[in-house]
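A.B. asks: Before anything else, here's the structure in question.
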Amino acid sequence: MELLLVVILVVLLLGAFVWWRREAAAREARSLADVRADAQRWYERLGGQVMNLHGDAPAVRQALVDAGERYNAAGSQLEQARTVQQYRLARETALEGLAYARAARIALGIDPGPELPPLAAATGTGELTRERQVEVQGQTFKAGPQPGQDTPYYYPGGRYQGRPVPAGWYSTPWWKTALGAGAGVLGGMLIADALFSPAFADPGYGYEAGYQEGFGDGADYGDGQGGDGQGGDAGGDQAGDFGGGDFGGGDFGGGDFGGGGDF
């Protein structure tokens, strides 16, 4: 009798284990199918944008070139994807391509369409809200929130050597060419410092989210440092613009871009 009970117990345990394995495999298959369908949906949407958008302006052409590159890359990733993570990477590539396609629509002066899901790589990098022009090692670099003849390169936001590069339009894709031209990390970091640091090159400009915060209040900080004199102007302009958001109270609150960091 005891032997029979043991046999029944073993059979029940084996049955439960087989059922659990089947359920786990079914859940994994459903999850894989969901992420594959999601990645495929964004990829197909990107393909429609790449094929239907055309323009002769430099900003439009460049944005469409970047969108096309992401379309090809996402297609290759989808063909090789076998896991949930691989399909998620293909989705991210397609979304990045759609960000460039959306920029092309803006440069064309037409409706950019609905907002896209946020890019993982652009989290916490901010967005340019003011035009900038700096010189680094004898070269002029420009950036701004809108496309222009001098700023035809769109960037959806990301990081260069761990440092945030905000979304916006740039005169040259220095985040790619710094290494390609042999300038190395130092060249790219100098450009990033000049464009985004409040204490390097010309006074820094703020970002759309929270730049009026930080240092308590920019104007008060300026008054405390010199009233109407030079110190007051520098404190009011720079501290107010760069105190909060990504470069003050955000990712770099105490680092390179904050009020108490290296810069």
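Letter by letter, the sequence shown follows residues 1 to 263 of the working numbering.
Backbone N, C-alpha and C define an ideal beta-carbon position, used for all residues, glycine too.
Return the CA-CA distance between Ile106 and Leu190, expressed in angstroms with no decimal places.
C.D. replies: So the two alpha carbons sit approximately 30 Å from each other.
A.B. asks: In the DSSP output, what is Phe141 paired with across the bridge?
C.D. replies: In the DSSP output, where bridge partners are listed per residue, Phe141 has Val134.
A.B. asks: Do you know offhand how far Arg159's Cα is from Pro58's?
C.D. replies: In a straight line, the C-alpha of Arg159 is about 24 Å away from that of Pro58.
A.B. asks: Quick check: what's the CA-CA separation for Ala81 versus Leu13?
C.D. replies: Their Cα atoms are separated by approximately 35 Å.
A.B. asks: So, is Glu44 buried or exposed, given that buried needs 16 or more other C-beta atoms within 10 angstroms?
C.D. replies: Glu44 comes out exposed.
A.B. asks: Apart from the five residues just before and just after Ala122, which ones in its own chain have a Cβ nearer than 7 Å to its Cβ?
C.D. replies: Answer for Ala122: Pro156, Gly157, Gly158, Ala167, listed in chain order.
A.B. asks: Going by C-alpha to C-alpha distance, which of Tyr170, Ala29, Leu116, Ser76 sits closest to Ala101?
C.D. replies: Comparing Cα-Cα distances from Ala101 to each of Tyr170, Ala29, Leu116, Ser76, the minimum goes to Leu116.
A.B. asks: Please report how far the alpha carbon of Gln49 lies from the alpha carbon of Gly55, in whole angstroms.
C.D. replies: Each residue's alpha carbon lies about 12 Å from the other.
A.B. asks: May I ask you to report which of helix, strand or coil DSSP gives Arg163?
C.D. replies: Arg163 falls in the strand class under three-state DSSP.
A.B. asks: Which two residues bound the contiguous beta strand (DSSP E) that contains Gly168?
C.D. replies: Taken as a continuous stretch (DSSP letters only), the beta strand (DSSP E) holding Gly168 covers 168-170.
A.B. asks: Using CA coordinates, which residue listed in Phe17, Tyr170, Gly113 is at the minimum distance from Leu128?
C.D. replies: Checked all of Phe17, Tyr170, Gly113; the closest Cα to Leu128 is Tyr170.
A.B. asks: Identify, in the order they occur along the chain, each residue of the same chain with its Cβ nearer than 6 Å to the Cβ of Ala103, setting aside the five sequence neighbours on each side.
C.D. replies: Correct list, in chain order: Ala63, Tyr154.
A.B. asks: Within 10 Å of its beta-carbon, does Val6 have 16 or more other beta-carbons around it, so buried, or fewer, so exposed?
C.D. replies: It is exposed - the Cβ of Val6 has fewer than 16 other Cβ atoms within 10 Å.
A.B. asks: Quick check on this structure: which residue in Gly162, Leu4, Gly188 has the alpha carbon closest to the alpha carbon of Pro173?
C.D. replies: Of the listed residues, the one whose Cα sits closest to Pro173 is Gly188.
A.B. asks: Per DSSP, which residues does Gly158 bridge with? Please list them.
C.D. replies: According to DSSP, which records beta bridges pairwise, Gly158 is partnered with Val165.
A.B. asks: Could you check the C-alpha separation between Leu53 and Gly97 for me, to the nearest Å?
C.D. replies: Each residue's alpha carbon lies about 13 Å from the other.
A.B. asks: Say whether the region 31-42 touches the region 76-96, bearing in mind that this needs 3 or more beta-carbon pairs closer than 8 Å, one atom from each stretch.
C.D. replies: Taking 8 Å as the limit for Cβ pairs, the verdict is that the region 76-96 does touch the region 31-42.
A.B. asks: For Gln83, which option in Leu3, Ser31, Arg132, Leu108 has the closest C-alpha, if you only look at C-alpha atoms?
C.D. replies: Just to set this straight, residue 83 is Thr in the shown sequence, not Gln. The residue with the shortest Cα to Cα distance from Thr83 is Ser31.
A.B. asks: Give me the Cβ distance between Arg61 and Leu46, rounded to the nearest whole Å; I'm assuming they're in contact under 8 Å.
C.D. replies: About 17 Å; that fails the 8 Å criterion.
A.B. asks: Checking 8 Å against the spacing of the C-beta atoms, do Ala90 and Gln77 come in under that value?
C.D. replies: Yes, the Cβ-Cβ distance between Ala90 and Gln77 is below 8 Å.
A.B. asks: Assuming Leu119 and Ala143 form a contact by the criterion Cβ under 8 Å, report the distance between their Cβ atoms to the nearest whole angstrom.
C.D. replies: Incorrect: roughly 19 Å between the Cβ atoms, too far for contact.
A.B. asks: In terms of DSSP beta bridges, what is Tyr153 paired with?
C.D. replies: DSSP output for Tyr153 lists Tyr170 as bridge partner(s).
A.B. asks: Return yes when the Cβ of Pro164 is within less than 8 Å of the Cβ of Gly138, no when it is not.
C.D. replies: Contact: no.
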